[in-house]
Structure formats: structure tokens, C-alpha cells
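What follows is a short report on a single structure.
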């Protein structure tokens with residue numbers, strides 16, 4: 056009658072006891088990991104670094120509990136920059152096991168490794184398993200090995216997408232989406248049954264650019280003719296390790312122990328992440344700050360959402376930028392962006408802070424795999440913008456709308472009724488579709504924000520709004536294309552961006568400081584508990600916490 060609808064699922068006392076037990080166990084385990092990670096490595100003469108690439112490679116270490124134990128791109132950059140001038144380090148052993156991240160980041164990592172080799176250091180890759188992206192990274196090494204039972208796919212680029220329109224129709228879910236630009240295709244999965252001509256054209260152009268770079272990199276590094284690379288991709292598409300014993304794609308097929316014995320016999324082994332913590336850098340009179348912004352853009356604080364993954368919180372990022380604006384020691388800022396977009400409001404708030412900072416000191420944006428839509432919005436006011444050739448950027452456009460589940464609820468026997476005192480009071484209701492007037496109101500808002508988007512890009516890039524609109528309309532570009540269109544200043548990675556920032560600030564001697572700063576163990580624990588508590592509430596009382604509407608800005 057008047058009871059809590061969620062009570063009785065798990066007895067409250069038992070639930071609290073189990074929750075507390077899990078927290079204590081995680082805390083003790085994490086404390087052990089935290090203390091181990093804090094120890095710096097004692098580096099001996101004639102040593103080599105070890106970098107393992109498996110799964111995701113975050114831009115900076117996630118502030119999670121338990122602590123993140125893998126390497127981040129920030130760790131790789133710091134370690135390789137430090138090791139280039141360290142006579143104790145002879146080279147690097149790169150172990151690859153199906154890495155999963157974007158092509159822009161893969162290009163960045165490959166460039167860092169090639170630069171490391173130019174400093175006279177040796178790089179040896181051992182491919183335990185990889186697709187095209189993993190093998191692309193491996194080709195940056197002096198020697199590339201695999202082992203007999205490995206599985207390596209070198210089969211080229213393809214694009215495949217699922218479309219849910221018929222499923223939603225079957226379930227009675229109404230999809231009403233308005234997007235400005237034929238190339239603004241993020242919502243097509245919900246509204247279409249197949250690729251539109253504009254989506255197909257865009258994917259062909261982007262995929263073709265990635266394919267061209269992939270073939271070129273393999274051809275030049277492995278000394279195989281481009282035609283032979285393409286023929287292999289068409290006919291073979293990869294293979295099991297033993298099939299590569301006499302193949303030009305690898306220098307040999309051995310076990311990992313045999314490779315280490317062959318290439319690093321008698322040398323000391325140092326894990327890359329622990330090497331970063333060894334020794335101390337000398338203080339400098341000036342600093343270049345590197346601020347990492349990775350994930351979907353949203354209102355509030357940055358974090359790691361159980362539902363959304365990494366999130367760029369407008370409050371967190373704006374707070375960092377404001378502090379750097381006031382900090383006299385910070386003479387220039389590099390904003391490292393890896394984001395496909397997100398909230399329009401949050402993007403506008405961050406853009407305002409970047410613009411204010413750029414009026415006081417040089418701001419250089421370094422784009423990773425993605426800096427599109429909202430990711431480009433927050434980049435536009437920077438003094439300079441650099442991107443990798445394979446970065447996906449642009450997507451100047453906007454999408455808005457909602458999924459209405461009233462029809463689906465009716466099929467489940469759940470009826471909805473309502474009353475409204477104005478024509479627009481229920482515009483955000485997830486239970487009923489827009490009427491004609493409400494949809495026009497939504498379209499009007501989206502058109503107004505698109506005009507603001509054009510204005511912000513035009514201001515930041517010194518273009519006219521009509522020109523930005525002509526290359527906008529949701530089009531996504533590779534970094535190389537974006538340079539030709541004036542959306543990006545030049546091709547380059549993080550190290551180039553830092554050099555450019557120091558040049559713009561007229562700095563000869565400086566140190567590099569990274570943000571956001573790493574949180575303490577207790578702070579990470581409390582943040583993680585808060586995130587999971589939010590998810591628990593959502594799952595247990597979902598009907599009370601459903602968002603009013605689905606708005607997309609990607």
C-alpha cells in the first residue's frame with residue numbers, strides 16, 4: 056500500500072554489511088597497489104624500458120579506486136622524453152596485445168617511439184596479438200617479432216554500423232531527432248535503417264585516409280611495396296604466428312623469452328610506469344602546463360562514470376583553467392583534447408574559459424584521436440591548434456531530440472496520462488512525443504545554438520561565419536584535411552604542441568607540469584563510491600530518476 060517499492064529486494068542490514076565488507080577489501084588491496092606504485096625504480100646502467108600495450112590507453116591516469124595500474128599516454132610521453140637523455144637506458148621493449156584506442160592516438164604513440172629511436176635508442180616490438188592498429192604501432196620499432204601461436208590481423212579498414220529504427224518501431228518507441236547538417240550522423244543509428252549517402256561518403260573519405268596512412272607506414276617501415284601490402288590485406292588478411300616465419304611483415308617468430316634473450320641479453324629490466332617516478336626533475340623559473348581533457352563533455356565534475364566512461368566536467372576543467380590563468384609561473388598552456396563532444400551548454404562554458412585564458416597567455420590545443428563537435432567547440436578559441444593526421448575533428452553541427460517510450464510502456468500494460476498548463480510544459484517528457492508546436496520550439500533552439508557554434512568557430516579561427524557554415528553542417532575531417540580548411544594550424548603531436556607553446560611564450564628554460572593532478576587514495580575512494588552510489592540509486596529506483604529527454608551533441 057504505502058511501502059517503498061524497492062524495499063525487500065535485499066535486507067537493509069545485510070546489504071550494508073556486504074557493502075562495507077567490499078569497501079574494506081577494496082581499500083586494503085588498493086592501499087597495497089598504491090604503495091607499490093609510489094616506489095620509484097632504481098635504474099641501473101645498461102637497462103631497457105618495458106611498455107605493455109593491451110586494451111585501452113588513457114590520456115592521463117584515471118582517478119579511480121582501485122588505482123589504475125596500467126600506463127597512460129602521459130606516462131609514455133614523460134618516460135620517453137626523460138629516457139632520450141638518460142645514458143642508463145639503452146632501449147625499449149614494446150609488448151602488444153590487442154590495444155584498443157583511436158587512430159590519432161596510435162599515430163601519436165608511433166611518432167613518440169620513432170622520435171625515441173632518433174635519439175639513438177633501440178625499440179623492439181613483440182606482437183602477442185594485434186589487429187591493424189596494433190601492427191601499425193609495432194612498425195615504429197627497429198625489430199618486430201611475434202610468437203608461433205599469435206593471431207595477427209592485417210586486413211585493412213572497414214566501417215560497419217547497427218541501425219535500431221525497426222527495433223524501436225516494433226517496441227513502440229518514438230524517435231524524434233533534428234540535426235543541422237546532412238553529415239551530422241550520430242543519431243542515424245536511431246532514425247535510419249541503413250547508411251545515408253552523406254554518411255557513406257563521409258566514412259569512405261575518412262576510412263580511405265586511414266587506409267592510405269596504414270599502407271604507407273607498413274610499406275616504408277617494413278620495406279614492402281604498397282601494392283604488395285594491399286594484396287596481402289586482400290588475399291590473406293593476417294594469419295597465425297607460424298605463418299609469418301619467412302614473411303617480410305616480421306623479423307622472426309619466437310617465444311617472448313627468446314626475443315628478450317636475443318635483443319636485451321644482460322640488460323636490466325625497468326617497467327616504464329615506475330621509471331617515470333624515478334629521480335626528480337630540476338625546478339625551472341617558468342612552466343608550460345599540459346591539461347588533459349578526455350571523454351564526453353558534461354556539466355559538473357570530471358570523473359569516470361559507470362554509464363558514460365570518462366567525463367570532462369565543465370566545473371573541473373574551468374576551475375583548472377582559471378587557476379592557470381592566475382598562476383604567474385605558468386607562462387603557457389597546452390590543452391590536450393580527446394573528446395567526441397557532449398553537452399552543448401558545458402561546451403559553451405568551457406569555451407568561454409579557454410577564450411579568457413588565451414587572452415592572457417598562449418593556449419595551444421593538442422588533439423588526440425577525437426576533437427569533434429563539442430571537442431572542437433572547446434578547441435576553437437586557442438592561440439594555435441595542432442592535430443595528428445588521423446585525428447577526427449570538425450563535426451560543426453548540432454543534434455537534438457528525444458526517445459519517447461510511452462508506446463513501449465503501453466505494450467507492457469503501463470498507461471500514461473497527463474495535464475499541462477502550457478503548450479510546452481511537457482516538451483521534455485520521455486512518455487509522449489513532441490506535438491508539432493513543441494518540435495518547432497526544439498528546432499528553433501537548435502538553430503540558435505548552431506548559429507552560436509558558427510560564431511565561436513569564426514571568432515577563434517579568424518574566419519567568416521558563412522565560410523564556417525560551408526565546411527560545417529556536421530562534416531568530420533581527418534587532421535590533415537582540417538589543416539587545409541583552416542580548422543587546424545598544423546599537424547603534430549603533444550611534444551610539438553609543448554614546443555609551440557614555449558615558443559609563443561618566448562621560453563628557453565621551462566618545466567612541464569601536468570593537470571589534473573593525481574588525487575590521493577582516500578579522495579579517489581570517496582569519488583568512486585559516490586559514482587557507484589549514483590548508479591545504484593538509478594538501477595534500484597530507475598523510474599524516479601529517468602532523464603526527461605535524450606539530447607545529443609556529437
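Residue numbers (our numbering): 56 to 609.
C-beta atoms are modelled at their ideal positions from N, C-alpha and C, and glycine is treated no differently.
- Non-local C-beta neighbours of residue 326 in its own chain, meaning closer than 6 Å and more than five positions away in sequence, comprise 105, ordered along the chain.
- Per DSSP, residue 210 lies in no beta strand (DSSP E) segment and is marked neither H nor E.
- Note: residue 155 is not bridge-paired with any residue in the DSSP secondary-structure output.
- DSSP lists no bridge partner for residue 538.
- In the DSSP assignment, residue 402 falls within the alpha helix (DSSP H) that extends over 399-415.
- By the beta-carbon neighbour count (other beta carbons within 10 angstroms, threshold 16), residue 202 is buried.
- In this structure, residue 217 sits near residue 244, with a CB-CB distance shorter than 9 Å.
- Here the alpha carbon of residue 385 sits roughly 20 Å from the alpha carbon of residue 370.
- About 6 Å separates the beta carbon of residue 183 from that of residue 151, a gap short enough to meet the 8 Å contact definition.
- The C-beta separation of residue 532 from residue 396 comes to about 14 Å, leaving the pair out of contact by the 8 Å criterion.
- Closest in C-alpha terms to residue 525, from the list 314, 324, 515, 542, comes 542.
- In the DSSP annotation of this structure, the continuous segment of the alpha helix (DSSP H) that includes residue 505 starts and ends at 491-516.
- Of all C-beta pairs linking the region 176-192 to the region 223-242, fewer than three are shorter than 8 Å, placing the two stretches out of contact.
- According to DSSP, residue 169 shares a beta bridge with no other residue.
- Assignment of beta-bridge partners to residue 532 by DSSP yields 448.
- Secondary structure of residue 118 (DSSP, three-state): coil.
- Around residue 379, the same chain offers 344, 385, 388 as residues with beta carbons nearer than 6 Å, after the five sequence neighbours per side are excluded.
- For the 9 Å CB-CB criterion, residue 166 and residue 443 form a contact.
- In this structure the region 461-469 does not touch the region 424-441; the number of beta carbon pairs closer than 8 Å is below three.
- Nearest in C-alpha terms to residue 329, of all of 101, 455, 125, is 125.
- Contact between the region 128-145 and the region 170-178 is present, with at least three C-beta pairs closer than 8 Å.
- Leaving aside the five residues that flank residue 486 on each side, the residues in its chain whose CB is nearer than 8 Å to its CB run, in chain order, 459, 460, 461, 464, 471, 473.
- Shown here for residue 155: same chain residues with a beta carbon closer than 6 Å to its own, the five before and five after excluded, namely 110, 111 in chain order.
- A direct Cα-to-Cα measurement between residue 180 and residue 279 gives close to 18 Å.
- The region 451-458 and the region 506-513 touch, with no fewer than 3 CB-CB distances between them shorter than 8 Å.
- The distance from the Cβ of residue 323 to that of residue 102 is about 4 Å, consistent with a contact at the 8 Å cut-off.
- For residue 359, the enclosing beta strand (DSSP E) covers residues 358-360.
- When C-alpha distances from residue 226 are compared across 312, 468, 272, the shortest belongs to 468.
- Between the alpha carbons of residue 159 and residue 430 lies a distance of about 14 Å.
- Cβ-Cβ separation between residue 200 and residue 306: approximately 6 Å, consistent with a contact (criterion under 8 Å).
- Counting along the chain, the unbroken beta strand (DSSP E) around residue 385 starts and ends at 385-394.
- Residue 310 counts as exposed, since fewer than 16 other C-beta atoms from the protein chains shown sit within 10 angstroms of its C-beta.
- Residue 349 is positioned such that its CB atom lies closer than 9 Å to that of residue 367.
- When C-alpha distances from residue 445 are compared across 261, 230, 229, 215, the shortest belongs to 261.
- Around the beta carbon of residue 234, 16 or more other beta carbons lie within 10 angstroms, which makes this residue buried.
- Here the alpha carbon of residue 346 sits roughly 5 Å from the alpha carbon of residue 570.
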